[in-house]
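For reference, the structure is listed below as structure tokens.
In our numbering, the protein residues as written are -19 to 94.
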């Protein structure tokens, strides 16, 4: 992967992930976090929750140590958050919405200013 592509991916990831590793770890431990998202293959954990755990690892990883697989996940996170933000519920209390909880599993709290 070209270095400028990696820089773009890291920048875009940083733009959408607005929770710190500690904030995300605390969130992932809540019932609300574990109550949302799609679970596949009989797993007890949703795709978003597993992604959140991976994001915590990525936030602790030095730039130089990021693998192509890490960068691919960072790109996936950016795409998911961008798509999901466009689906904001119109007539729902966003603070306690499944929409917000799902985004938070992916490291983005839509109620938090950067």
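Idealized CB from N, CA, C, for every residue including glycine.
What are the boundary residues of the alpha helix (DSSP H) that includes residue i?
i: residue 40; result: Residue 40 -> no alpha helix (DSSP H), and no H or E assigned at all.
i: residue 8; result: 1 to 8
i: residue -3; result: It is not in any alpha helix (DSSP H) - residue -3 carries neither H nor E in the DSSP assignment.
i: residue 96; result: Nothing can be reported for residue 96, as the shown portion of the chain is limited to -19 through 94.
i: residue 14; result: 11 to 14
i: residue 53; result: 48 to 65
Quick one: residues in its chain with C-beta nearer than 6 Å to the C-beta of residue i, no 5 flanking neighbours on either side, listed in chain order?
i: residue 28; result: 17, 82, 85 and 86
i: residue 7; result: 13 and 84
Who are the Cβ neighbours of residue i in its own chain at under 7 Å, not counting the five residues just before and after it?
i: residue 61; result: -4, 83, 86 and 88
i: residue 41; result: 50
i: residue 69; result: 77 and 79
Excluding the five sequence neighbours on either side, which residues of its own chain have a C-beta within less than 8 Å of the C-beta of residue i, listed in chain order?
i: residue 36; result: 1, 4, 5 and 8
i: residue -14; result: 46 and 51
i: residue 80; result: 74, 89, 90 and 91
I believe residue i touches residue j by the beta-carbon criterion, under 8 Å. Please report the beta-carbon distance rounded to the nearest angstrom.
i: residue 43; j: residue -9; result: So it is not a contact: roughly 11 Å between Cβ atoms.
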